[in-house]
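Engineer:
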Amino acid sequence: MNYFFSEFEEAVKNLFSDYVDKRIIPMRKELEDKHEFPHGLFKEMAKQDFFRIMVPEEYGGMSDSQMQLILGIEELSRGDAGIGVSFAVDAIATKGLILYGSKEQKEKYLPGIADGNIITAFSLSEPGAGSDAAALKTRAVKKGDKYVLNGVKQFITNGEVADIVMVIAVTDPDKGHKGHTAFIVEKGTNGFSTGKREDKMGIRSSVTNELLFDDCEVPEENIVGEIGQGFYIAMGLLDRSRIGIGAQALGIAQAALDEATQYSKTREQFAQPIHSFQAVGHMLADMATQIEASRLLVYQAARLVDAGEKELTKISAMSKLFPSDMAMKVTTDAVQIFGGYGYMKEYPVERLMRDAKVTQIYEGTNQIQRNIIVDRLIKGK
Ligand SMILES: Cc1cc2nc3c(=O)[nH]c(=O)nc-3n(C[C@H](O)[C@H](O)[C@H](O)COP(=O)(O)OP(=O)(O)OC[C@H]3O[C@@H](n4cnc5c(N)ncnc54)[C@H](O)[C@@H]3O)c2cc1C
Numbered sequence: 017m018n019y020f021f022s023e024f025e026e027a028v029k030n031l032f033s034d035y036v037d038k039r040i041i042p043m044r045k046e047l048e049d050k051h052e053f054p055h056g057l058f059k060e061m062a063k064q065d066f067f068r069i070m071v072p073e074e075y076g077g078m079s080d081s082q083m084q085l086i087l088g089i090e091e092l093s094r095g096d097a098g099i100g101v102s103f104a105v106d107a108i109a110t111k112g113l114i115l116y117g118s119k120e121q122k123e124k125y126l127p128g129i130a131d132g133n134i135i136t137a138f139s140l141s142e143p144g145a146g147s148d149a150a151a152l153k154t155r156a157v158k159k160g161d162k163y164v165l166n167g168v169k170q171f172i173t174n175g176e177v178a179d180i181v182m183v184i185a186v187t188d189p190d191k192g193h194k195g196h197t198a199f200i201v202e203k204g205t206n207g208f209s210t211g212k213r214e215d216k217m218g219i220r221s222s223v224t225n226e227l228l229f230d231d232c233e234v235p236e237e238n239i240v241g242e243i244g245q246g247f248y249i250a251m252g253l254l255d256r257s258r259i260g261i262g263a264q265a266l267g268i269a270q271a272a273l274d275e276a277t278q279y280s281k282t283r284e285q286f287a288q289p290i291h292s293f294q295a296v297g298h299m300l301a302d303m304a305t306q307i308e309a310s311r312l313l314v315y316q317a318a319r320l321v322d323a324g325e326k327e328l329t330k331i332s333a334m335s336k337l338f339p340s341d342m343a344m345k346v347t348t349d350a351v352q353i354f355g356g357y358g359y360m361k362e363y364p365v366e367r368l369m370r371d372a373k374v375t376q377i378y379e380g381t382n383q384i385q386r387n388i389i390v391d392r393l394i395k396g397k
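Here my numbering is used: the first residue of the sequence shown is 17, the next is one more, and so on.
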C-alpha cells in the first residue's frame with residue numbers, strides 16, 4: 017500500500033518497525049507479566065533517537081511532525097500497546113510546551129525530552145472530573161510569586177516515572193472552565209507525590225497513577241500559556257493526541273490481524289487450514305479492510321495537523337472513535353479465529369483484546385467523541 021510517505025517518514029516508520037520486531041515483540045509477554053514501566057527499553061529507545069521526533073530541531077529534536085509521531089505510536093503499539101501509550105502521552109505535555117510554553121520553558125525542558133532524559137505526563141482527570149473535564153477541583157492559589165496547588169489527579173499515565181507533569185488546576189473558581197490554568201510541576205517539588213499505581217485490565221507495561229498535591233508550591237514562571245487558558249490548552253492538546261490514540265488502536269489491530277492470519281494458515285481442522293473455511297477467510301478480509309479504512313482516517317488527520325489546519329476537533333474525534341471501535345472488533349474476531357487457544361494467555365490475542373478496550377475509554381470516551389462530532393455537525397463546522 018502506498019501512503020505517499022516522504023523519504024524521512026519512511027525512514028522513521030522503518031526505524032520503529034525494526035526495533036519493535038527485534039526488541040519489543042520478543043519481550044511482550046514479559047512486559048505484560050511484570051506490570052512495571054520498562055525503564056531499560058525507554059533508555060534504548062532514547063539511544064535510537066525515538067524521542068527526537070517529538071521536538072523541533074532548534075531544541076535538539078528532529079521535527080515535531082504529527083505524521084511521524086503517529087507512525088512511531090502505531091509501530092510501538094503493534095509491539096506493545098503499553099509502550100505505545102507511554103510514548104504517546106510523553107508527546108502531549110511536550111506538545112503543550114512547544115505550542116504554549118515560554119522560551120525559557122522550551123530551553124529548560126525540550127532538549128532533555130528529545131534526549132529521552134526527561135519523561136513527561138499530562139494531568140487533567142480527577143476522581144470527579146473525567147468526561148466532564150471542566151469540573152476540576154484541584155486548586156492553585158497565588159502566594160507571592162508562587163502558586164500553591166492542592167488536590168488529587170487520577171489515572172495519570174507515566175505519573176510515577178514522569179520528571180515533569182503538566183497539571184491543569186483551578187485558579188479562579190468563579191470563572192468555570194475559563195478559570196483553569198496549566199502548570200509544569202517538577203518531580204521532587206515539595207508537596208507533590210505519587211499515589212497508588214492502578215492495577216489495569218491491559219496496557220500493563222504502562223503505569224497509571226494518582227497524583228497528590230498537598231500545599232505544593234510551584235513558581236509563577238511554571239505557568240504554561242496564560243492564566244485562565246488551561247482548559248483551552250488541554251482541549252487543543254487533546255485535538256492532536258486523540259489522533260495518537262487512533263494510531264495506538266491501529267497498531268493493536270494490526271498485531272491481531274498478523275497473528276490471526278498466521279494462525280489460520282497453520283491450524284487445521286477437517287484436514288484443511290482454517291482460512292479455507294469461508295467464515296474464517298471473510299473475517300480476515302473484513303479485519304484487513306477495517307484496519308485500512310482506519311489507517312487512512314488517522315493519516316489524513318495527521319496530514320491536516322501538519323498542514324496547519326485550525327479546525328481539528330471533529331476530524332481528531334473521528335480519528336480516535338473509528339479506529340478504537342475497529343480495534344475492539346478486530347481483536348475480538350482474532351480471539352474467535354484462534355478458538356479456545358485464543359482465550360488462553362499462552363497466545364497473544366487475548367492481551368490484544370484487553371489492550372484494545374482502553375482505546376475506547378481514554379482521552380475522552382467514545383460516547384464523548386460522538387457528542388463532539390454531532391455538535392460540530394449541527395454547528396456546520
Ligand atoms: C489507563 C488510563 C490512562 C489514563 N491516562 C490519563 C492521563 O494520562 N491523563 C489524564 O488526564 N487522564 C487520563 N485518563 C483518564 C481518562 O481520560 C478518563 O478515564 C476518561 O476521560 C473517562 O472519564 P471517567 O473515567 O471519569 O468516566 P466518566 O466520565 O465517569 O464516564 C462514565 C460513563 O459515562 C459516559 N458519559 C459521561 N458523560 C457523558 C455524556 N455527556 N454523554 C454520554 N455519555 C457520557 C462515559 O462515556 C462512560 O461510559 C486515563 C484513563 C485510563 C483508563
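Note that the Cβ used here is the ideal one computed from N, Cα and C, for glycine as well.
Over the uninterrupted beta strand (DSSP E) stretch that includes Pro235, give me the two end residues.
Structural biologist: Residues Thr224 to Pro235.
Engineer: Under 8 Å: does the beta carbon of Thr173 sit that close to some heavy atom of ligand 1?
Structural biologist: At least one heavy atom of ligand 1 is nearer than 8 Å to the Cβ of Thr173, so yes.
Engineer: Would you kindly report the start and end of the unbroken alpha helix (DSSP H) that includes Lys45?
Structural biologist: That run of the alpha helix (DSSP H) goes Arg44 to Lys50.
Engineer: Within this structure, are the beta carbons of Glu156 and Val164 separated by less than 9 Å?
Structural biologist: Before going on, a small fix: residue 156 reads as Ala here, not Glu. Yes, Cβ-Cβ distance for Ala156 and Val164 is below 9 Å.
Engineer: Using the Cα positions of Ile69 and Gly260, report the straight-line distance between them to the nearest angstrom.
Structural biologist: Cα to Cα, the separation comes out at about 14 Å.
Engineer: Please tell me whether, using a cut-off of 8 Å, the distance from the CB of Glu73 to the nearest non-hydrogen atom of ligand 1 is below it.
Structural biologist: Not under cutoff, so the answer is no.
Engineer: Only counting the same chain, and skipping five residues up and downstream in sequence, which positions put a Cβ closer than 7 Å to that of Glu379?
Structural biologist: Excluding positions up to five away in sequence, the list reads Leu254, Ser257, Arg258, Ile261 and Lys336.
Engineer: Using DSSP's beta-bridge definition, name the partner residues of Phe199.
Structural biologist: DSSP, once it has assigned bridges, lists Val183 and Ile239 as partnering Phe199.
Engineer: Any idea if Lys330 is buried or exposed, counting beta-carbon neighbours within 10 angstroms, 16 or more meaning buried?
Structural biologist: By the 10 Å Cβ count, Lys330 comes out buried.
Engineer: Taking the alpha carbon of Arg367 as the reference point, which residue from Asp49, Ile239 and Ile307 has its own alpha carbon closest?
Structural biologist: Arg367 has its Cα closest to that of Asp49, out of Asp49, Ile239 and Ile307.
Engineer: Does the separation of the CB atoms of Ala178 and Gly112 fall below 9 Å?
Structural biologist: Result no, Cβ atoms of Ala178 and Gly112 do not sit closer than 9 Å.
Engineer: For Ser147, is the beta carbon positioned less than 8 Å from some heavy atom of ligand 1?
Structural biologist: Correct: Ser147 has its Cβ closer than 8 Å to ligand 1.
Engineer: Measure the alpha-carbon distance for Gly356 versus Lys38 and round it to whole angstroms.
Structural biologist: Near 29 Å, if we compare the C-alpha coordinates of Lys38 and Gly356.
Engineer: Report the CB separation of Arg319 from His51 in whole angstroms; it is logged as a contact under 8 Å.
Structural biologist: With a Cβ gap of about 36 Å, Arg319 and His51 do not count as contacting.
Engineer: Considering only residues of the same chain and omitting the five flanking positions on each side of Lys59, which have a CB-CB separation below 8 Å?
Structural biologist: So the qualifying residues of the chain are Gly132.
Engineer: Please report how far the alpha carbon of Thr305 lies from the alpha carbon of Leu312, in whole angstroms.
Structural biologist: So the two alpha carbons sit approximately 11 Å from each other.
Engineer: Going by Cα to Cα distance, which pick from Tyr359, Arg370, Gly195 and Ala137 is closest to Ala151?
Structural biologist: Ala151 has its Cα closest to that of Gly195, out of Tyr359, Arg370, Gly195 and Ala137.
Engineer: Quick check on DSSP: helix, strand or coil for Leu328?
Structural biologist: Residue state, collapsed to three classes: coil.
Engineer: Would you grab the beta carbon distance between Ile384 and Ser33 for me? Rounded to a whole angstrom, and I think it's under 8 Å.
Structural biologist: Their Cβ separation, rounded to whole angstroms, is 32 Å, which puts Ile384 and Ser33 out of contact at 8 Å.
Engineer: Using beta-carbon positions only, say whether Ile180 and Tyr125 come within less than 9 Å of one another.
Structural biologist: Yes.
Engineer: Report buried or exposed for Leu393, applying the criterion of at least 16 other Cβ atoms within 10 angstroms of its Cβ.
Structural biologist: With fewer than 16 other Cβ atoms within 10 Å, it is exposed.
Engineer: Please name the residue or residues paired with Leu165 in a DSSP beta bridge.
Structural biologist: Leu165 is bridged to Ala156 and Cys232.
Engineer: In angstroms with no decimal places, state the Cα-to-Cα distance between Gly340 and Met299.
Structural biologist: The sequence shown places Ser at residue 340, not Gly. Their Cα atoms are separated by approximately 18 Å.
Engineer: Identify whether Tyr119 lies in helix, strand or coil by the three-state DSSP scheme.
Structural biologist: The question names Tyr, but residue 119 in the sequence shown is Lys. Here Lys119 sits in helix by DSSP.
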